[in-house]
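*Asks:* Pasting a structure here, questions to come.
Chains as they are written, first to last, in the working numbering: chain A, 1 to 126; chain B, 127 to 237.
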């Protein structure tokens with residue numbers, strides 16, 4: 001988890017020139033945080049992570065690539081238990097957040113690496 | 127992230143959090159936060175100063191709620207900003223913790 005704050009910091013710095021409105025900014029920031037935390041949590045061994053952010057017309061595309069074991073978050077059945085305090089899930093909420101805050105989430109396993117693409121609409125308050 | 131703990135005269139432990147409750151922020155306070163909530167029975171967590179919440183912060187909050195609840199105590203979260211509340215609602219965590227609008231309401235509820 002030690003590398004996570006630095007990677008999130010890089011993403012936030014990269015987002016600054018886009019001058020995003022509060023809701024898109026929250027969505028992108030949250031998804032960067034959750035995507036990276038997910039790789040670190042599920043990936044087990046040490047691995048390399050590549051993070052890319054690019055703007056395409058009115059949308060922002062976040063690409064996260066890693067060489068950890070295969071993990072497709074789009075297939076993850078992430079219904080967090082919220083029935084009571086006693087039975088509530090402590091974890092498993094990060095993918096739920098990504099699914100909600102990203103407009104689209106795509107996964108591909110290619111060349112031995114996980115490729116996760118998250119797409120966000122820009123220029124509007126969600 | 128900063129954490130300030132105050133023991134009030136009526137046995138309430140008031141925890142004021144300030145900063146971003148993300149991986150960096152959680153790493154800065156998680157040991158102290160877990161230690162305080164491991165023993166306090168009446169806890170109010172003032173989130174007025176928290177501008178951002180990620181799942182790692184939700185994990186810390188839920189762990190604390192469970193720990194206090196197991197001792198038949200109560201933990202109440204207060205003064206949650208709209209963007210933070212949106213995150214709590216999205217993942218359903220708001221349903222298993224008591225969230226009050228303001229600090230006075232939280233203190234009255236737990237007294």
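Cβ coordinates follow ideal geometry from the N, Cα and C atoms, glycine included.
Starting from residue 8/A, find everything on chain B with Cβ-Cβ shorter than 8 Å and list it in chain order.
*Replies:* By Cβ distance, chain B contributes 148, 149 and 150.
*Asks:* Report yes or no: is there a C-beta of chain B within less than 7 Å of the C-beta of residue 91/A?
*Replies:* Residue 91/A counts as touching chain B.
*Asks:* What residues are listed by DSSP as bridge partners for residue 163/B?
*Replies:* For residue 163/B, which the question treats as bridged, DSSP gives no partner whatsoever.
*Asks:* Need the endpoints of the beta strand (DSSP E) that residue 104/A sits in, please.
*Replies:* Segment 104-110, the beta strand (DSSP E) holding residue 104/A.
*Asks:* Quick check: the region 138-146 of chain B against the region 106-116 of chain A, are at least 3 beta-carbon pairs closer than 8 Å?
*Replies:* The region 106-116 of chain A vs the region 138-146 of chain B: no contact.
*Asks:* Below 8 Å on C-beta distance, what does residue 5/A contact in chain B?
*Replies:* Result: 148, 149, 150 and 153.
*Asks:* Run through DSSP, which three-state label would residue 92/A get?
*Replies:* Note: residue 92/A maps to coil in three-state DSSP.
*Asks:* Name, please, each residue of chain B whose Cβ falls closer than 7 Å to the Cβ of residue 84/A.
*Replies:* 222, listed in chain order.
*Asks:* For residue 89/A, is the classification buried or exposed, using 16 other Cβ atoms within 10 angstroms of its Cβ as the cut-off for buried?
*Replies:* Buried: at least 16 other Cβ atoms inside 10 Å.
*Asks:* Classify residue 235/B: buried if its beta carbon has 16 or more other beta carbons within 10 angstroms, exposed otherwise.
*Replies:* Result: exposed.
*Asks:* So is residue 161/B in contact with chain A if we call contact Cβ pairs under 7 Å?
*Replies:* Judged by the 7 Å Cβ criterion, residue 161/B is not in contact with chain A.
*Asks:* Less than 6 Å between C-beta atoms, sequence neighbours within five positions excluded: which residues of the same chain meet that for residue 48/A?
*Replies:* The answer, listed in chain order, is 67.
*Asks:* On a Cα-Cα basis, can you pick out the residue from 17/A, 98/A and 71/A that is closest to residue 278/B?
*Replies:* Any property of residue 278/B remains undetermined from this structure, which presents chain B solely from 127 to 237.
*Asks:* Using a beta-carbon distance cut-off of less than 8 Å, what residues from the region 157-182 of chain B approach chain A?
*Replies:* Per Cβ criterion, the list reads 178, 180, 181 and 182.
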